[in-house]
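Using the working numbering, the first residue of the sequence shown is number 59, and each one after it goes up by one.
Glycine included, every Cβ here is placed at the ideal spot set by N, Cα and C.
Predicted, not measured: the structure shown is a model, and the values here were computed from it.
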Amino acid sequence: LHLAPSDEFYVWTVRRPNYQNDRIWARSIEDIEQDERYREMVNHQACIGVFIMFTCKRLLWVIKDKGESWTGEYFRDVILTQNVFPFLKNEENVIDPDEVIFVHDKAPCMKANMTQHLFQDNDVKFWGNDIWPGNSPDLNVAEHIGSIIKDEVEKEMLSEAGNNRYLEATLKTHIEDVLTNMQKDTELFETLLCSYPSRLRA
């Protein structure tokens, strides 16, 4: 329960298709329900970047500033220094600030030596690059949180009428609402953290 998994992802006004998962096997097109034959596509749709990290007590999130990229500098200065480190050193957010371990997803900005040294300089424990394949969805439980967030935001966006459904401001409002509602879902957080032993054995 001392782990703090993290992930970063984009949320779109209309969820981008996963063509592998969207395939429907049928002998002919007549065997497919009418509403499953087509998926809505939107040109130049808005998207918002989100960083999440959770402990057994609380969810931390950062909505990426517009125009910023997931660069190493942005992660070190904004995500880690301004948000992650203060969060992990606060006893309201973790069981024990001295025992908490940050788990990254092996994104290039996280694997960078400057980022690794920043953790060491701030006395924050972390799983190094050589410990595990963090880009595995089976091991990075934060990806499960990300999927839930995308599902909930998609439901809210589909409920919007007219042009509001495609506005970036509408998307941001729904993302913030979903994140706020999930912020203290300790039952979900503990369930995911307790699944690590079985995930590592698999």
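{"Query": "Neighbourhood of Tyr132 by C-beta, 6 Å cutoff - its chain only, sequence neighbours within 5 removed", "Result": "Glu126"}
{"Query": "Of the listed residues Ala104, Val161 and Thr129, nearest to Thr113 (C-alpha basis)", "Result": "Val161"}
{"Query": "Secondary structure of Pro63, DSSP reduced to three states", "Result": "strand"}
{"Query": "Through-space distance from Leu237 to Glu157, alpha-carbon basis", "Result": "26 Å"}
{"Query": "As assigned by DSSP and simplified to three states, the class of Lys115", "Result": "coil"}
{"Query": "Contact check, Trp273 vs Val108, beta carbons under 8 Å", "Result": "Here the chain covers residues 59 to 260 and nothing more, so residue 273 does not appear."}
{"Query": "Inter-residue CB distance, Leu146 and Ala62 (contact presumed, cutoff 8 Å)", "Result": "6 Å"}
{"Query": "Ser217 classed as buried or exposed, judged by whether at least 16 other C-beta atoms fall within 10 angstroms", "Result": "exposed"}
{"Query": "Neighbourhood of Glu248 by C-beta, 8 Å cutoff - its chain only, sequence neighbours within 5 removed", "Result": "Leu59 and Cys114"}
{"Query": "Continuous beta strand (DSSP E) stretch holding Val236: start and end", "Result": "Taken as a continuous stretch (DSSP letters only), Val236 belongs to no beta strand (DSSP E), being part of the alpha helix (DSSP H) at Glu226 to Met240."}
{"Query": "Selection from Asn141, Gly186 and Ile206 that minimises the alpha carbon distance to Met240", "Result": "Ile206"}
{"Query": "Integer-rounded CB distance, given that Ile106 should sit under 8 Å from Val69", "Result": "5 Å"}
{"Query": "Entirely enclosed beta strand (DSSP E) segments - the region 125 to 191, minimum 3 residues", "Result": "159 to 161"}
{"Query": "Cross-strand partners of Phe109 (DSSP beta bridge)", "Result": "Glu66 and Val120"}
{"Query": "Own chain, CB closer than 7 Å to Glu149, minus 5 neighbours either side, in chain order", "Result": "Pro155"}
{"Query": "Supposed close pair Leu250, Val199 - CB separation, criterion 8 Å", "Result": "4 Å"}
{"Query": "Helix, strand or coil at Asn222 according to DSSP, with G and I counted as helix", "Result": "helix"}
{"Query": "Three-state secondary structure assigned by DSSP to Ala104", "Result": "coil"}
{"Query": "Alpha helix (DSSP H) segment containing Glu72, residue limits", "Result": "Reading off the sequence shown, one finds Val at residue 72, where the question assumed Glu. Element bounds for Val72: n/a, residue is neither H nor E."}
{"Query": "Same chain, Cβ closer than 6 Å to Lys183, five either side skipped, listed in chain order", "Result": "Ile159"}
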